[in-house]
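All remarks here apply to the structure that follows.
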Ligand SMILES: Cc1cc2nc3c(=O)[nH]c(=O)nc-3n(C[C@H](O)[C@H](O)[C@H](O)COP(=O)(O)OP(=O)(O)OC[C@H]3O[C@@H](n4cnc5c(N)ncnc54)[C@H](O)[C@@H]3O)c2cc1C
Ligand SMILES: Cc1cc2nc3c(=O)[nH]c(=O)nc-3n(C[C@H](O)[C@H](O)[C@H](O)COP(=O)(O)OP(=O)(O)OC[C@H]3O[C@@H](n4cnc5c(N)ncnc54)[C@H](O)[C@@H]3O)c2cc1C
Ligand SMILES: Cc1cc2nc3c(=O)[nH]c(=O)nc-3n(C[C@H](O)[C@H](O)[C@H](O)COP(=O)(O)O)c2cc1C
Ligand SMILES: Cc1cc2nc3c(=O)[nH]c(=O)nc-3n(C[C@H](O)[C@H](O)[C@H](O)COP(=O)(O)O)c2cc1C
Ligand code: FES
Ligand code: FES
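Protein chains in written order, with our numbering: chain A, 106 to 361; chain E, 106 to 361; chain D, 4 to 307; chain P, 4 to 307.
This is the structure we're talking about:
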């Protein structure tokens, strides 16, 4: 983990209100799929706090890292205004990434909305090292599907795009698709809206598969100091910090 | 006075950290030299308050108004990012402009720094209707002199540019210049830093001339409601509001 | 969709809608008449009126702070006589309720002000400013002691049948107990919050920016404090609570209503955009339709 | 240019420089060790320690507000035993003073905590949290009554010779009188301010965002309140005052010093940029050189 001033190399809209920001990585450690960064989107006092974003790719040769983000509120709106000459204040890599899939299982990667970034990163990593995964991506409609980002992967892995309104790919949620098309011996890796992840987790119970979930919680410090990003977990301690114990958790550990 | 959403037509740097913003005027009233507008520079909560700026020109044919502003803090920095497609929230025209010079006097217009805008507007108006004025503009150095804005006027009126370091025109302050080159029967119209205006006022006492000063004070409402923009004045009431009783005051009325 | 009732009873009278403009931020109304339709206001709370004219505090009087502003206007106003002579005639022409914000440096001053204004129908009601942090003597002392608040309120009550609203300061240990003092004294409503005590220092001049040293903090920065205060006060009294502090949007106003307020006032927000009160009112209406809320009371059943 | 003295005496010990990091915002230090040089800190104030381990409040626990944030962490911590076992060894390795922030739900708990920590040299001193707004019972009640503050401080004083700092809440009518209670009880310093009580409501869910309903407001939004509090407290006591609240830059810190503080703590600012404490320290040094100030006391002669 380091704090560094990163040069922006690209920042472009890849789907309606979804952007991809590329920048030069200069932390000591190489980021793993599932890990995140925090960045300061403005320079004033409002918005104030750093914002967490999962990494969506890393190229060790060009030292270029990326995030995919949705324009939502003040901070992400400011982020859309960053240009290639600009620098951004980054802390990372933070948190624990996804584990390697168990021997013999078929990795099923399920992403919804802003959950696409970390899942894409994971898919790319798996493409090289293990059984090619199945990637399911759910969005509200086709405008929110960054096709040009997803399609290049379809040569090497199976991809299913789902839209709530059926305007692209499968009509229904990612969980709906999964229910109908779940492969044999699956192991789930998911990131997205809470209800989606809960549905995937519930399904994993039915088919007795492991399920790794990347959780979200509002963060202040991002490094384990403030106790702000707690989520409810099972076990001895009632809470775990998403920023250091997560963001990736065993679905079994989460109080859903 | 109206509140209106104005289309930006131009926004460009005219000297180091000095900008000229042009926009379409759509208030009911035509602005007079010395009047000002307030505008909202951001959309969030910091910076919060509207900021006051004096008008620097108005073209009744194209309905284009202008301000000259210096990039200083958060609000003016945001203002530099406005582009021709953008709109800005404006209230104006506000306050009282400069009066017409007395019969037989030679108008001497003295501007310093951000005081240039209203004085330029006044100079342009006087160019057409009365004795051509003498315009004295003082800046710290030549980088802060927007020559291309000032020079076109030199065909019709006398202009003296002064810089503290002598890098352009007269070496010294505008008040220094005035002291040495004050014309006969002057009447002063001045806007700029407080010490400069005080010096001009003191000089006006020596040569028994009238002196009109455009005062500055931090403003909240800009319309006379908050009592925030008070300055100390002579007379029955100890304070006057810059936004409604000013910004132009008779120098004799001000407690310097 | 059933019809929506925006009105709100305060004592014997009814405010037409829940969005008013806060004392000291809207002058006497005329300053804004060219910019917005005053008839839409659910209450115009005047700049504080005192017995004698007051010039107000020294200058500078305001400074911006992160998401807020600090003011030390002092009770700059024309004084009772000039107020009656020069401001009341204008109020007569207005369609919105005009609530006169009253400030004094002794109990007697408050009483004399209310007595003098009582005969004028254009004075809809009173908001008693027990909470201004910007004058050395008087109102802050009153405003921080429940017993004194009760006594003063009771004296005022005996002199007027018009709506009597006590304005509370947040600069106290227990704002709920001050509110109870006001209720027990016979107030028809309480409004809160006034500004928080604050200071900004010019580090080059090495003295406070405001000539009066400290000032009152307002604006979005204080909104969470105002919402918490309203939540506490609404659980301490049965009379209506009017929420104030950092309201810029309909969503902000709705936070106050859900916390227990029955109406709100916009202060600093009007400086930023005079159109805000009207936007908020229409936003509240939209929200009530969307959420199926029939009247101002129906906001109060969710948070207990 | 004469030499500058950044040190500050608190009781029998000396803080190396005036810029510390505030309790609850810096964990136990190790969380930030990879990002900044902890040896530059003029005080590491730990997350509050309680007798028993506490899981903290329900979730969510934080929400951003205009130029600030609201938190309701509760006193989430490992409890005294685990603290001694797992955190103290790390403090031994640190070069900066570690001040343990102590919280209890009864006077007895405070005393037992200090007694238990007394033997450890790696505990430089104590900051007594009488001011946390996020727990139902205990500290807030103490913190708002001068007599109780004096009694508790005196009991603590009799149990330790280490620096004893009482942390004050701004949620009181007169913070100066609470500070006097601490001074009369024998405190070596007071620190202020803790967070302001606040609430944010989710208007669609129609309930407070924080599971605990209310929380503590921190960040730049509250800075003017903190500066005013320090100004008042510094005029009420002779012991050093440590200023806290919304400090993001050297200029902000200098405002506190000019208002009467002899040191500062950075809280929320560290979340925004962990490099802030170090930048502030060097900014203070530059300012002292520019303005010809020799030591922390020399900031206090300008504003009276
Ligand atoms: C571990 C983690 C990884 C994330 N990865 C991504 C990603 O890859 N792409 C992406 O678009 N978004 C991601 N997010 C969410 C992202 O942080 C929010 O969208 C962003 O903070 C919104 O800020 P805003 O000011 O634009 O919107 P706001 O209007 O402030 O907030 C919109 C929503 O964003 C969330 N949010 C706000 N502040 C924070 C905060 N300080 N910390 C966390 N969440 C906050 C809240 O749920 C809020 O309701 C991630 C969040 C976490 C916790
Ligand atoms: C009647 C009037 C006319 C003006 N005309 C011009 C003009 O033509 N061109 C120009 O460049 N500037 C003009 N100003 C000054 C201009 O308003 C400030 O430069 C601007 O507000 C700075 O905002 P900021 O956030 O960039 O800087 P900040 O860092 O906030 O402030 C820099 C300085 O600007 C002043 N200022 C800040 N806020 C306000 C406010 N709300 N009201 C008034 N002053 C404030 C203060 O003196 C402050 O020290 C005028 C001011 C007044 C009162
Ligand atoms: C410039 C200014 C002047 C004020 N004057 C008064 C006053 O005369 N009487 C009063 O009761 N409150 C006064 N207030 C307080 C406001 O009415 C309101 O309670 C406070 O500003 C919080 O609301 P806001 O955050 O929406 O501004 C004043 C506030 C400001 C900003
Ligand atoms: C997340 C968080 C947790 C906090 N926990 C504590 C605590 O345990 N004990 C304490 O005395 N103060 C605690 N505080 C208060 C801070 O120490 C500080 O007084 C306050 O945040 C104001 O400073 P700031 O504006 O710089 O953050 C906490 C503040 C925050 C934001
Ligand atoms: S964000 Fe501070 S502990 Fe996780
Ligand atoms: S700015 Fe409000 S009265 Fe002038």
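Note that beta-carbon positions come from the ideal geometry of N, C-alpha and C, so glycine has one too.
Where residue i falls, given that 16 or more other Cβ within 10 Å makes a residue buried
i: residue 205 of chain A; result: exposed
i: residue 389 of chain A; result: No information on residue 389 of chain A is available, as it lies outside the stretch 106 to 361 that chain A covers here.
i: residue 270 of chain P; result: buried
i: residue 122 of chain D; result: exposed
i: residue 327 of chain A; result: buried
i: residue 255 of chain P; result: buried
i: residue 297 of chain D; result: exposed
i: residue 141 of chain D; result: Low confidence applies to residue 141 of chain D: its pLDDT is 48, below 50, so where it sits in the model is not reliable, and the reading given next is rough at best. Label assigned to residue 141 of chain D: buried.
i: residue 110 of chain A; result: exposed
i: residue 208 of chain P; result: exposed
is_contact[residue i, chain A] using C-beta, thresh 9 Å
i: residue 179 of chain E; result: yes
i: residue 277 of chain P; result: yes
Same chain, Cβ closer than 7 Å to residue i, neighbours up to 5 away in sequence not counted
i: residue 355 of chain A; result: 317
i: residue 291 of chain D; result: 7
i: residue 120 of chain A; result: 248, 249, 250, 251
Residue-chain proximity (residue i, chain D), Cβ-Cβ < 9 Å
i: residue 342 of chain E; result: yes
i: residue 195 of chain E; result: no
i: residue 247 of chain E; result: no
i: residue 323 of chain E; result: yes
i: residue 201 of chain P; result: yes
i: residue 152 of chain E; result: yes
i: residue 4 of chain P; result: Summary for residue 4 of chain P: the model assigns pLDDT 48, below 50, so the residue's position carries little reliability; its value from the coordinates is reported in the next sentence. Not an interface residue.
i: residue 320 of chain E; result: no
i: residue 312 of chain E; result: no
i: residue 216 of chain P; result: yes
i: residue 183 of chain P; result: no
Cutoff 6 Å; reference residue i; Cβ partners in own chain excluding five residues on either side
i: residue 260 of chain D; result: 302
i: residue 224 of chain E; result: 214, 216, 296
i: residue 257 of chain D; result: 290
Neighbour flag for residue i against chain P, beta carbons, 9 Å
i: residue 87 of chain D; result: no
i: residue 106 of chain A; result: yes
i: residue 336 of chain A; result: yes
Residue i at chain E interface by Cβ criterion, 9 Å
i: residue 141 of chain D; result: Any reading at residue 141 of chain D is ruled out, since the residue's pLDDT is 48, under 50, leaving its predicted position unreliable.
i: residue 185 of chain A; result: no
i: residue 67 of chain D; result: yes
i: residue 288 of chain A; result: no
i: residue 227 of chain D; result: no
8 Å CB neighbourhood of residue i in its chain, flanking five on each side removed
i: residue 151 of chain A; result: 179
Validate contact between the segment 322-332 of chain E and the segment 29-38 of chain D using beta carbons, cut 8 Å, 3 pairs: yes
Inter-stretch contact (C-beta, 8 Å, three-pair minimum) for the segment 125-132 of chain D and the segment 95-110 of chain D: yes
Lining residues of ligand 6 - beta-carbon closer than 7 Å to any non-hydrogen atom, in sequence order: E:324, E:325, E:326, E:327, E:328, E:329, E:330, E:331, E:332, E:333, E:334, E:346, E:347, E:348, E:349
Cβ contact check for the segment 284-304 of chain A and the segment 225-244 of chain A: 3 or more pairs under 8 Å: yes
Segment contact flag, the segment 166-177 of chain P with the segment 224-241 of chain P, C-beta cutoff 8 Å, min 3 pairs: yes
Cβ contact (3+ pairs, closer than 8 Å) linking the segment 37-56 of chain P and the segment 72-82 of chain P: yes
Inter-stretch contact at 8 Å, needing at least 3 Cβ pairs: the segment 189-203 of chain P / the segment 144-164 of chain P: yes
Segment contact, 8 Å Cβ cut-off, at least three pairs: the segment 130-144 of chain E with the segment 226-236 of chain E: yes
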